[in-house]
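Visitor: Last residue of the sequence shown: 138 (the working numbering), numbering continuous. After the structure tokens below, expect a handful of questions from me.
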Amino acid sequence: MIKKIDHIAIGVKDVDQAAAFYRDVLGLPVSEPEIVESQKVKVVMVPVGEVKIELMQPTSEESPLHKQIEKGGEGIKHICFGVEEIHQAHKTLSEKDVPLVNPEPISGAHNTLAFFVHPKATNRVLLEMNMPKDGEAH
Numbered sequence: 001m002i003k004k005i006d007h008i009a010i011g012v013k014d015v016d017q018a019a020a021f022y023r024d025v026l027g028l029p030v031s032e033p034e035i036v037e038s039q040k041v042k043v044v045m046v047p048v049g050e051v052k053i054e055l056m057q058p059t060s061e062e063s064p065l066h067k068q069i070e071k072g073g074e075g076i077k078h079i080c081f082g083v084e085e086i087h088q089a090h091k092t093l094s095e096k097d098v099p100l101v102n103p104e105p106i107s108g109a110h111n112t113l114a115f116f117v118h119p120k121a122t123n124r125v126l127l128e129m130n131m132p133k134d135g136e137a138h
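In structure tokens, the structure reads:
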């Protein structure tokens, strides 16, 4: 089911400022910003080898990320696994009674489908499962 670690997400208050550190200080490439309406966040991706760092900024006070940053501050928010087939992964975990945040996969950043595994199932770590909408590896 799981192919790889796709990305590690870091919640930030200012994605442009955070991206500048990775780009200007560490010399890493940074994607153009993207707004993910389904999660109410602005994101950029920073590829590091085969794994990416996703910098996420809430775009609304209704964003779950806004609430997380207000409560616990900036920092690592989730780990994302790339999966072979998102609907099958969702079904498999549901059948195993794993608590999921999303009743169905949703649109994610960079043309993906995604869903989240509730942290109560994973020792307080939010997990994202995703795959490209076109089914190709990303």
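For each residue, glycine too, the CB sits at the ideal point set by N, CA and C.
Can you tell me whether Val44 is helix, strand or coil according to DSSP?
Guide: Here residue 44 refers to the residue found at position 44 of the sequence shown. Correct three-state label for Val44: strand.
Visitor: Hey, how far is the Cα of Ala137 from the Cα of Gly27?
Guide: The count along the sequence shown starts at 1 and reaches residue 137 at position 137. The count along the sequence shown starts at 1 and reaches residue 27 at position 27. With a pLDDT of 47 at Ala137, under the threshold of 50, the predicted position of this residue should be treated as unreliable, though the coordinate-derived value follows. About 25 Å.
Visitor: Going by the CB atoms, is the gap between Lys77 and Gln88 shorter than 8 Å?
Guide: The residue labelled residue 88 in the question sits at position 88 within the sequence shown. The residue labelled residue 77 in the question sits at position 77 within the sequence shown. No.
Visitor: Specify, as a first and last residue, the run of the beta strand (DSSP E) that Leu55 falls within.
Guide: Your numbering for residue 55 matches position 55 in the sequence shown. It spans Val51 to Pro58 - the beta strand (DSSP E) in which Leu55 sits, taken as one unbroken run.
Visitor: Taking Glu128 as the reference, which of Glu62, Glu34, Arg23 and Gln39 has the closest Cα?
Guide: Residue mapping note: residue 128 aligns to position 128 of the sequence shown, counting from 1. Nearest C-alpha to Glu128: Gln39.
Visitor: Cα separation between Pro99 and Asn123?
Guide: Your numbering for residue 99 matches position 99 in the sequence shown. Your numbering for residue 123 matches position 123 in the sequence shown. Taking the straight line from one Cα to the other gives about 12 Å.
Visitor: Does His138 come out as helix, strand or coil in the three-state DSSP assignment?
Guide: Along the sequence shown, read from residue 1 onward, the residue named residue 138 stands at position 138. Interpretation of His138 is limited by its pLDDT of 46, a score under 50 that renders its predicted location unreliable; no figure is taken from the coordinates.
Visitor: Taking DSSP as the reference, what is the three-state secondary structure of Lys96?
Guide: For the purposes of this step, residue 96 is taken as the residue at position 96 of the sequence shown. Residue state, collapsed to three classes: coil.
Visitor: Does the segment 112-122 come close enough to the segment 42-52 to have 3 or more Cβ pairs within less than 8 Å?
Guide: As far as the Cβ criterion goes, the segment 112-122 does not touch the segment 42-52, which means the pair count is below three.
Visitor: For a quick check, are the C-beta atoms of Lys133 and Gly82 less than 8 Å apart?
Guide: Counting from one through the sequence shown, the residue named residue 133 turns up at place 133. Counting from one through the sequence shown, the residue named residue 82 turns up at place 82. No; because the gap between Cβ atoms is not below 8 Å, this pair is not in contact.
Visitor: So, with DSSP's three-state summary, where would you put Val83?
Guide: Locating residue 83 in the sequence shown gives position 83, counting from the first residue. It is a strand residue.
Visitor: Tell whether a beta-carbon distance below 8 Å holds between Met131 and Glu85.
Guide: Here residue 131 refers to the residue found at position 131 when the sequence shown is read from its first residue. Here residue 85 refers to the residue found at position 85 when the sequence shown is read from its first residue. Yes. Within cutoff.
Visitor: With DSSP run on the structure shown, which of helix, strand or coil describes Ala9?
Guide: Walking along the sequence shown from the start, residue 9 turns up at place 9. Ala9: strand per DSSP, three-state reduction.
Visitor: Going by DSSP, what residue range makes up the alpha helix (DSSP H) through Gly27?
Guide: Counting from one through the sequence shown, the residue named residue 27 turns up at place 27. From DSSP, Gly27 is part of no alpha helix (DSSP H); its letter is neither H nor E.
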